[in-house]
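Residue numbers (my numbering): 26 to 289.
All C-beta atoms in this analysis are idealised placements derived from N, C-alpha and C, irrespective of residue type, glycine included.
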Amino acid sequence: MHRQENRQGTVWLLAGTGDGPHLAEALISQGWHVHVSVVGAMAAHPYRGMDVDEIHVGALGGSQGISQWLQTIPVDWVVDATHPFALRISDQLNQACKVSGQGLVRFERRMEASGKAVVLGSMADLADHGLSGRRLLLALGARQLVEAAQVARDAGATVFARVLPSPMSLMKAAAAGVPPEHLAVVRPLQGPQPGALEAAVCRRWAITDVVCRQSGGATEALWASLSMEMGFALWLLRRPSPIAEVPVVHSVSQLLAHLNGTTP
């Protein structure tokens with residue numbers, strides 16, 4: 026996608042595969058120069074072929090590393106479109122941008138109605154529900170896996186987990202005490218029919234409950250759909266509140282208006 030002739034400024038977009046590519050395309054189409062940062066090589070693939078100025082892959086070195094990056098490549102705006110549960114990077118971005126006086130805006134999907142799902146304020150809340158005899162699948166990020174598995178077992182559930190094919194995820198699964206025969210190592214929404222693998226896992230293990238994060242993205246929507254179709258109970262770990270001092274937008278049009286200084 027090519028830029029419009031009316032060139033805008035430069036944006037540093039931090040995101041993953043969920044919202045990032047769509048945001049990058051929209052920004053480029055409106056004339057913005059875009060630098061993209063992602064955590065790994067797989068997350069960089071959707072940006073290949075786009076007219077981005079640079080793709081940075083890997084860790085940024087905390088708030089100090091972010092400050093150094095901003096000094097190396099000056100930008101007009103930093104757009105934080107990282108995962109809603111990636112609290113550390115959002116906090117580091119805020120700290121670095123405050124120190125340098127850099128404009129920062131947070132892009133976050135709107136939360137949809139959770140339907141029949143039960144929203145948990147924290148994983149500890151799961152202990153308040155009797156899960157004896159239940160077969161519970163944890164479809165969470167690796168960082169929540171150890172706590173979630175322990176709470177679920179204490180509540181009486183037999184625990185299964187779906188994790189990403191990464192060394193950290195496998196180590197966390199082992200630390201959580203999830204046996205290999207209760208572990209599905211897959212990438213979400215992969216294959217010719219997105220959701221088919223998740224449905225097959227639930228059928229194979231006769232899953233009665235699924236715990237996932239209230240991320241507002243395609244993965245949450247998939248589990249909500251499968252819970253209605255297959256009849257298992259859905260538990261959502263509540264999305265953390267965004268940093269109060271950072272402005273938040275929920276759509277491409279809101280983001281463009283904010284960057285152009287036309288936000289109502």
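Can you tell me where the alpha helix (DSSP H) with R113 in it begins and where it stops?
Where R113 is concerned, the enclosing alpha helix (DSSP H) stretches over L112 to S125.
Touching by the beta-carbon criterion (3+ pairs, under 8 Å), the stretch 233 to 246 and the stretch 157 to 171
The answer is yes - the stretch 157 to 171 touches the stretch 233 to 246, with three or more Cβ pairs under 8 Å.
Per DSSP, what are the beta-bridge partners of R238 in this structure?
Paired residue(s): L262.
In the DSSP assignment, what residue or residues form a beta bridge with H154?
According to DSSP, H154 bridges with nothing at all.
Hey, H60 and T97: beta-carbon distance below 8 Å or not?
Against a cut-off of 8 Å, the Cβ pair of T97 and H60 comes out as no contact.
Residues bridged to A40 by DSSP?
A40 pairs with A106.
Beta carbon of R135 nearer than 8 Å to that of H275:
In contact: R135 and H275 (Cβ atoms closer than 8 Å).
Endpoints, the alpha helix (DSSP H) within which T97 is located:
G87 to T97 is the span of the alpha helix (DSSP H), which, as asked, contains T97.
Less than 8 Å between the beta carbons of V210 and V184, yes or no?
Inclusion of V210 and V184 in the CB contact set at 8 Å is not warranted, their separation being larger than that value.
Compare the beta carbon distance of M80 and L118 with 8 Å and say whether it is the shorter of the two.
Just to set this straight, residue 80 is Ile in the shown sequence, not Met. Contact: no.
Taking only the alpha-carbon atoms, compute the straight-line gap between L128 and W248 and give it to the nearest angstrom.
Residue identity check: residue 128 is Gly in the sequence provided, not Leu. When rounded, the distance between both Cα atoms is 36 Å.
Could you give the first and the last residue of the continuous beta strand (DSSP E) run that contains S62?
That run of the beta strand (DSSP E) goes H58 to V63.
Same chain, Cβ closer than 6 Å to V273, five either side skipped, listed in chain order:
Taken in chain order, the residues that qualify are R131, E133 and P267.
Test item: CB-CB of A198 and A182 under 8 Å:
For A198 and A182, no; Cβs fall outside 8 Å.
Distance between A269 and R73 (C-alpha atoms, nearest Å):
If you take the alpha carbons of R73 and A269, they lie about 34 Å apart.
Whole-Å CB distance - L251 paired with E223, under 8 Å assumed
Right, the Cβ-Cβ distance comes to about 6 Å (below 8 Å), so this counts as a contact.
Would you kindly report the start and end of the unbroken alpha helix (DSSP H) that includes E50?
E50 -> alpha helix (DSSP H) spans G45 to S54.
Whose CA, out of V277, A111 and D179, lies closest to the CA of A149?
Of the listed residues, the one whose Cα sits closest to A149 is D179.
Can you give me the Cβ contacts of H283 inside the same chain, cut-off strictly under 6 Å, excluding the 5 residues immediately before and after it?
A distance below 6 Å between beta-carbons, with the five flanking residues on each side excluded, links H283 to the following residues of its chain, in chain order: V130 and V274.
Exposure of H108, with buried meaning 16 or more beta-carbon neighbours within 10 Å:
With at least 16 other beta carbons inside 10 angstroms of its own, H108 counts as buried.
Report buried or exposed for G286, applying the criterion of at least 16 other Cβ atoms within 10 angstroms of its Cβ.
Exposed: under 16 other Cβ atoms inside 10 Å.
Segments assigned alpha helix (DSSP H), at least 4 residues, entirely inside the stretch 154 to 179:
Restricting attention to alpha helix (DSSP H) runs no shorter than 4 residues, the stretch 154 to 179 encloses them at 167 to 179, ordered along the chain.
Could you round the C-beta distance between V15 and A152 to whole angstroms and report it? I think they count as a contact, below 8 Å.
No answer is possible for residue 15: it lies beyond the span of the chain, which begins at 26 and ends at 289.
Alpha carbon to alpha carbon, what distance is there between R168 and F110?
For F110 and R168, the distance between alpha carbons rounds to 10 Å.
Exposed or buried, which one is E137 when buried takes at least 16 other CB atoms within 10 Å?
The residue is exposed, with fewer than 16 neighbouring Cβ atoms inside 10 Å.
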